[in-house]
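One gets my numbering by counting positions in the sequence shown from 1 and adding 132 to each. We put the CB at the ideal spot given by N, CA and C, even for glycine.
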Amino acid sequence: MRALARRTIVGLLARIGRTAETVARHAGEMTMLTWHVVTATLAGRVARRDVFAQLQSIGVGSIPLVTVTAILSGVVTSQQGGYQFTSSIPLYVLGSVVTSSVILELGPVMTSFVLIGRVGARITAELGTMKVSEQIDALHSLGRDPVSVLAAPRVIAGTIATPLLVGLADFIGVFAGLVAARFAVGLGPDSFLYGARLFWHSWDLLYSIAKGLVFGFIIPLISVHMGFGTRGGAEGVGRATTSAVVFMIITILVLDATFPPLFLN
C-alpha cells in the first residue's frame with residue numbers, strides 16, 4: 133500500500149514536472165520569436181507587400197464572420213437582459229447592460245475566438261506544412277530569414293487588424309442590441325441610448341481596443357510558434373494545429389481574466 137502511494141506521488145510529480153518544462157520551453161521559444169520579429173521589423177527586413185497581403189487575409193477576410201458574431205452577441209445580450217429585468221428595474225438600464233457587455237467583454241473575446249478559428253488554425257497548418265515539407269529549410273538555404281518572410285508579416289498584420297475588427301464588432305454589437313431591445317421589450321432607441329450614456333465611461337472603448345491589440349499580437353505569435361515547431365508529417369500538422377487552437381483559447385481566456393484587475397480598478 134505504501135509502495136503504491138509512493139509510485140502515485142512520484143508519477144504525479146513527474147507529470148507536473150513535464151508540464152512545467154513544456155510551458156517553460158514554449159515561453160522561452162515564444163520570447164525569442166517575439167525578439168526576432170521586433171528586430172526584423174525595426175531593421176526594415178519585412179516587406180510591406182507581405183504585410184498588406186496578410187492584412188487582406190486576416191482583416192478584410194474576417195469582416196463577414198466578425199459581423200455575424202457581433203450581431204448575434206448584441207441580440208442575445210439584449211434579449212436575455214430584457215428577460216431577466218423585473219418591474220423594479222428601469223428598463224432603460226438595459227442600454228447600459230448591453231453596451232458594457234459588448235464593449236468590455238463580448239466584442240474583444242468573440243472577435244478573438246473568430247480569429248483563432250479562422251486565422252490562427254490556418255497559420256499553424258500553413259506553416260506546419262511548410263515545416264514538414266522542408267520549405268522553411270529551403271528558405272534558410274537560400275539565405276532568406278523565415279521570421280522576416282513568414283512570421284513578422286503575420287504578427288504585424290494581426291496586431292493592426294484585430295483592434296480595428298474589435299471596434300467594428302463593438303459598434304455592430306451595440307447597434308444590434310438596440311434594435312433587438314425595441315422588438316424584445318419595447319425599449320425605444322432614445323431610452324436605450326439614455327441608459328447607455330448614463331453609465332458610460334470614456335475609458336471603456338480604449339479598454340476594449342487595448343484587449344484587441346494584445347489578443348491580435350498573441351494569436352498569430354502562438355500560431356507561428358506552433359507552426360515552426362511542427363514535426364511528424366501530416367499527422368504532426370494535425371496535432372500542432374489542435375494544440376495551437378487549445379493553447380490560444382486558454383491564453384486568451386487567461387489574458388482576459390487579467391485585464392479587469394489591472395485596468396478596471
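Beta carbon of residue i nearer than 7 angstroms to that of residue j
| i | j | result |
| --- | --- | --- |
| S323 | Y215 | no |
| P240 | V200 | no |
| V183 | I354 | no |
| A172 | A270 | no |
| R256 | A366 | The residue you asked about is not Arg; residue 256 is Thr in the sequence shown. Cβ atoms of T256 and A366: not closer than 7 angstroms. |
| G305 | G348 | no |
| V229 | G213 | yes |
| V246 | I190 | no |
| A316 | Q211 | yes |
Neighbour-count burial assignment, residue i, 16 or more Cβ in a 10 Å radius
| i | result |
| --- | --- |
| P352 | buried |
| H272 | exposed |
| V386 | exposed |
| V378 | exposed |
| L145 | exposed |
| G309 | buried |
| L238 | buried |
| V178 | buried |
| M164 | exposed |
| G327 | buried |
| S220 | exposed |
| V155 | exposed |
| T209 | buried |
| L394 | exposed |
| I141 | exposed |
| Q186 | buried |
| L319 | buried |
Neighbour flag for residue i against chain C, beta carbons, 7 angstroms
| i | result |
| --- | --- |
| G249 | Note that chain C does not occur in the displayed structure, where there is just one protein chain. |
Whole-angstrom C-beta distance between residue j and residue i, which should lie under 8 angstroms
| i | j | result |
| --- | --- | --- |
| V369 | T362 | 6 angstroms |
| T294 | G249 | Between G249 and T294 the Cβ distance is about 14 angstroms, and since that is not below 8 angstroms, they are no contact. |
| L236 | S340 | 6 angstroms |
| S205 | V234 | 6 angstroms |
| A301 | V198 | 5 angstroms |
| I384 | S244 | 5 angstroms |
| G260 | T373 | 7 angstroms |
| P321 | R314 | 7 angstroms |
Contacting residues, own chain, Cβ-Cβ under 7 angstroms from residue i (five flanking each side not counted)
| i | result |
| --- | --- |
| K263 | G359, F360, T362 |
| V169 | V279, A283, A284, V287 |
| L325 | G227 |
| A159 | none |
| A135 | none |
| T166 | L353 |
Residues near residue i by beta carbon distance below 6 angstroms, same chain, minus five either side
| i | result |
| --- | --- |
| A202 | A301, I304, G305 |
| F331 | S228 |
| G149 | none |
| R138 | none |
Other residues of its chain near residue i: CB distance less than 8 angstroms, five sequence neighbours each side excluded
| i | result |
| --- | --- |
| F307 | G206 |
| I381 | F245, I248 |
| M162 | L353, I354, H357 |
| F217 | L223, V225, L226, V317 |
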